[in-house]
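Peer 1: This is the structure I want to talk about, given as structure tokens.
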Amino acid sequence: MGGVRVVGWGHRRQTREKAREQGLCDDIFEDIGQSVEGADLVILASPIGTFEEIFKKIGGYLGGETVVTDVGSTKVLPHKWAKKLPRTAHYIGSHPIAGSEQRGLEFARDDLFEKANCILTYGKKVDAAALKLLRQFWRELGCDVYEMGPARHDRLLANVSHLPHVAAAALVNASADEDLKMAGKGFMDTSRIASGPANIWTDIVTTNPENICGGIDRLVGELNKIKAAILKKDAKRIGSLLEKARAKRSKMIEFKLKKKEILS
């Protein structure tokens, strides 16, 4: 996207200085209002719990027809909070499903969004020009773009993103410190996402509680199936449950490889 000027804002001085050093933007401001004045597109890339206050702060500085989006992992509440924006601004949620458990400017990668899925969320009424702009923006970064309502997004991501993090955290917490010293690659792979920042994930979990709790109930149900089979020493049943999971995961990996999605 030629002719683009990138302006940033960060509430930490250290982050602003690091952005300048790495040349990540053309300019960066300490004042959030100043950073969005005259912007065509505003992207929130902060913890979800900050969105409501940021919407309040930037509203008076946005020009007509400004497109506002975010990269948060839940969408129902951000859509509600975005109603505080001026009527001339157009909010559409964005969720690029990319990255790792690491955070910080030092972990930025040129190929971060290459072949990643990006979900755009909006309600019954959406500005056509704003939607076109965001489709183009994410596709030029390498994303495959999907569109859905915020409620569907939160149900879907609870299953394939939020629940896995909760499960990984529970797995680690269920293990004694001494036992963890003997953990192998399998445990490290399974528990990797538990290394994600607790404050970020607290925001995610508390803004999507019903869907995540529903997922926990289903997970507990599956664990109880395996537990019952183990207690009965029912090798056939155990094998059937494990094979079902193996086959479903293989099908998922085959799909990801076919679309050349980066899996690491």
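The number in the numbering used here is simply the position in the sequence shown, starting from 1, with 791 added.
By construction, the Cβ of each residue, glycine as well, lies at the ideal position given by its N, Cα and C atoms.
(1) When you compare only the Cα positions, how much space is there between Val917 and Ile883?
(2) Taking the CB atoms as reference points, tell me whether Leu925 and Leu947 lie closer together than 9 Å.
(3) If you follow the alpha helix (DSSP H) that Val1011 is part of, which residue opens it and which one closes it?
(4) As an exercise, report each continuous alpha helix (DSSP H) stretch of at least 4 residues that is fully enclosed by the stretch 813 to 893, in chain order.
(5) By a C-beta neighbour count over all protein chains shown, 10 Å radius and 16 as the cutoff for buried, is Thr860 buried or exposed?
(6) Short of 7 Å in beta carbon distance, which residues of its chain neighbour Ser982, apart from the five on each side in sequence? Order them along the chain.
(7) Taking Ile823 and Lys847 to be in contact with their CB atoms under 8 Å, please state how far apart those CB atoms are, rounded to whole angstroms.
(8) So, helix, strand or coil for Val797, using DSSP?
(9) Does DSSP put Val963 in a helix, a strand or coil?
(10) Output yes or no for whether 9 Å exceeds the beta carbon distance between Ala880 and Val862.
(11) Arg803 and Asp818: beta carbons closer than 9 Å?
(12) Measuring only the C-alpha atoms, how far is Lys1035 from Leu1010?
(13) Considering only their Cβ atoms, is the gap separating His944 from Thr841 smaller than 9 Å?
(14) Put Val936 into one of helix, strand or coil per three-state DSSP.
(15) Assign Leu911 to one of three DSSP states: helix, strand, or coil.
(16) If you draw a straight line from the C-alpha of Gly854 to the C-alpha of Ala989, how long is it?
(17) Considering Gly977, what are the terminal residues of the alpha helix (DSSP H) in which it resides?
(18) For a quick check, are the C-beta atoms of Pro877 and Gly851 less than 9 Å apart?
(19) Just tell me which of Trp800, Glu856, Thr806 and Gln805 has its CA closest to the CA of Ile834.
(20) Please determine, among His886, Ala810, Ile1021 and Asp1025, the residue with the shortest C-alpha to C-alpha distance to Pro941.
(21) Please go through the same chain and pick out, in chain order, the residues whose beta-carbon is closer than 6 Å to the beta-carbon of Asn1002, but skip the five residues on each side of it.
(22) Can you name the start and end residues of the alpha helix (DSSP H) that Asp970 belongs to?
(23) Pull up the distance between the alpha-carbon of Thr857 and that of Ile888, whole angstroms please.
(24) Leaving out the 5 sequence neighbours to the left and right, which residues in its chain are closer than 8 Å to Ile845 when beta-carbon positions are compared?
(25) Does Val917 come out as helix, strand or coil in the three-state DSSP assignment?
(26) What do you get for Thr993, buried or exposed, if any count of 16 or more other CB atoms within 10 angstroms of its CB means buried?
(27) Can you give the Cα-Cα distance for Lys976 and Leu932, rounded to whole angstroms?
Peer 2: Checking against the coordinates, here is how it stands:
(1) 8 Å
(2) no
(3) Pro1000 to Leu1022
(4) 823 to 827, 842 to 849 and 867 to 872
(5) buried
(6) Ala959, Leu962 and Val963
(7) At roughly 11 Å, the Cβ-Cβ gap does not stay under 8 Å, so Ile823 and Lys847 are not in contact.
(8) coil
(9) helix
(10) no
(11) no
(12) 15 Å
(13) no
(14) strand
(15) strand
(16) 35 Å
(17) Lys976 to Ser982
(18) yes
(19) Trp800
(20) His886
(21) Asp945, Arg946 and Ala949
(22) Asp968 to Leu971
(23) 24 Å
(24) Ile823, Leu835 and Ser837
(25) coil
(26) exposed
(27) 32 Å
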